[in-house]
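To start, the structure itself, in structure tokens.
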Amino acid sequence: MTRTKMAPCGGSLHEQAIRQHCRMLKMPTLATQFERLAQAAVREGHSHVQYLDALLSAEIEERERKGVQRRIQEARLTRVKTLQEFDFGQSSVSAARLAELASGGYVGRAEPVVLIGEAGTGKTHMALGLCVAACQQRRRVRFTSAAALVNELVEARADNQLSRALGRWERIELICIDELGYVPLAEVGAELLFQVIADRAEKAAVIVTTNLPFSEWSQVFPNPRLCKAVLDRVTDRAHIIETGTESYRFRRSLARRAAS
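See the structure below:
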């Protein structure tokens with residue numbers, strides 16, 4: 024059998040009709056790519072089936088790219104940072120361990136991740152990188168600071184919208200609570216934050232970054248019973264990563280100053 028080869032794309036009326044069909048089918052990438060791919064198919068001797076495969080693949084790839092972009096926007100990341108951009112040479116954290124986490128298994132198993140270390144040791148960058156990786160895996164992600172989350176919940180409570188607000192957080196597959204411990208929490212705020220964490224226990228993943236060792240979490244949760252309950256849920260089956268005490272940002276600044 025001889026392979027059927029692509030014929031050159033038809034005249035402008037056919038091209039206009041194809042673009043109209045693409046609009047109706049909501050396939051914008053196919054509309055912009057069909058001419059270029061048709062020319063390539065003729066030049067390389069591809070069959071109609073190969074041409075169609077290339078067209079549909081281009082449409083799917085673009086939809087996936089836009090889907091990832093949309094999830095990253097919805098995650099409300101403070102900055103878009105990837106683990107590939109992180110300088111593990113300046114950190115005591117294992118790049119292999121972070122890469123294993125980035126594969127996303129912990130999200131499916133609803134396991135917490137706790138990043139503990141002083142300011143400037145890369146906690147937030149690593150957390151953002153894990154969030155971006157989860158977005159790339161088509162997961163619903165939300166990033167927030169502990170203070171911002173508490174403020175949102177306190178306002179929702181005042182407006183009699185607390186159940187709705189908690190429901191929104193509970194439906195997200197992965198949430199990252201950044202900077203726990205930087206700002207002491209009032210009793211009501213501490214209780215509301217506990218509720219978010221408790222609602223996710225063994226059901227959905229959470230990432231927490233903190234500058235406080237667990238022994239000092241009573242500074243954030245002054246109620247001893249509440250503090251114990253939070254620790255119990257955050258550390259259960261958790262991936263606990265210590266990022267160190269020496270700021271790599273500070274070392275980087277010193278190195279730049281010495282080089283100038």
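In case it helps, our numbering puts the sequence shown at residues 24 to 283. Don't be surprised by glycine CBs; every beta carbon is placed ideally from N, CA and C. Keep in mind the model is a prediction, meaning the values are calculated, not measured.
Exercise. Out of T147, R162 and V211, point me to the one whose CA is closest to V173's CA.
Key: Looking only at T147, R162 and V211, the smallest Cα-Cα distance to V173 is reached by V211.
Quiz item: So which of M149, R46 and D182 has the shortest CA-CA distance to I264?
Solution: The shortest C-alpha separation from I264 is found at M149.
Quiz item: Would you say C199 and C154 are within 8 Å of each other, going by their C-beta atoms?
Solution: Taking 8 Å as the cut-off, the beta carbon of C199 is found closer than this to the beta carbon of C154.
Quiz item: So does the stretch 113-121 actually touch the stretch 58-71, counting three or more Cβ pairs closer than 8 Å?
Solution: With fewer than three CB-CB distances shorter than 8 Å, the stretch 113-121 does not count as touching the stretch 58-71.
Quiz item: How about A209 and F166: are their beta carbons less than 8 Å apart?
Solution: In this structure, F166 does not lie closer than 8 Å to A209 by Cβ.
Quiz prompt | the stretch 250-268 in contact with the stretch 133-152 per 3-pair CB rule at 8 Å | solution = Yes, they touch.
Practice problem: Return the residue from the list F244, T258 and A170 that minimises the CA-CA distance to R223. | Solution: Ranking F244, T258 and A170 by Cα distance to R223 puts T258 first.
Exercise. Return the chain-ordered list of same chain residues with a C-beta closer than 7 Å to the C-beta of L78, the five sequence neighbours on each side being excluded.
Key: Here the set comprises L53, Q56, F57 and L60.
Quiz item: Quick one: Cα of G33 to Cα of A81, how far?
Solution: In this prediction, G33 scores a pLDDT of 47, lower than 50, which makes its location untrustworthy; no coordinate-derived value is stated.
Quiz prompt | Local conformation of E265 per DSSP, three classes | solution = Strand at E265.
Exercise. Since I believe A142 is in contact with N234 (beta carbons under 8 Å), could you give me their beta-carbon distance rounded to a whole number of angstroms?
Key: Between A142 and N234 the Cβ distance is about 6 Å, and since that is below 8 Å, they are a contact.
Self-check item: Boundaries of the alpha helix (DSSP H) in which I230 is found, first to last residue
Solution: Here I230 belongs to no alpha helix (DSSP H); instead the beta strand (DSSP E) covers A228 to T233.
Practice problem: List the residues that DSSP assigns as beta-bridge partners of S168. | Solution: Beta-bridge partners assigned by DSSP to S168: D201.
Quiz item: What is the rounded straight-line gap between the Cα of S168 and the Cα of A188?
Solution: S168 and A188: Cα-Cα distance of roughly 16 Å.
Exercise. Please work out which residues of its chain come closer than 7 Å, Cβ to Cβ, to E225, disregarding the five sequence neighbours upstream and downstream, and give them in chain order.
Key: A133, listed in sequence order.
Exercise. Indicate, with yes or no, if the ligand MN has a heavy atom lying under 7 Å from the CB of E225.
Key: In the structure on display, the ligand MN does not appear, and there are no ligands present to speak of.
Quiz item: To which residues of the same chain is Q43 closer than 8 Å at the C-beta, ignoring the five residues directly before and after it?
Solution: Once the five neighbours on either side are set aside, Q43 has no close Cβ partner at all.
Practice problem: Return yes when the Cβ of F237 is within less than 8 Å of the Cβ of L254, no when it is not. | Solution: At the C-beta level, L254 and F237 come within 8 Å of one another.
Quiz item: So what's G140 in DSSP terms, helix, strand or just coil?
Solution: Three-state DSSP puts G140 in a strand.
Quiz item: If you run the structure through DSSP and keep just helix, strand and coil, what is D182?
Solution: D182: coil per DSSP, three-state reduction.
Exercise. Take S270 and list the residues in its own chain whose beta-carbon comes closer than 7 Å to its own, dropping the five residues that flank it on each side.
Key: Excluding positions up to five away in sequence, the list reads E141, A142, G143 and T144.
Quiz prompt | Sequence-distant residues of the same chain with beta carbon closer than 7 Å to V91, five excluded per side | solution = Closer than 7 Å at Cβ, skipping near neighbours: C158 and Q159.
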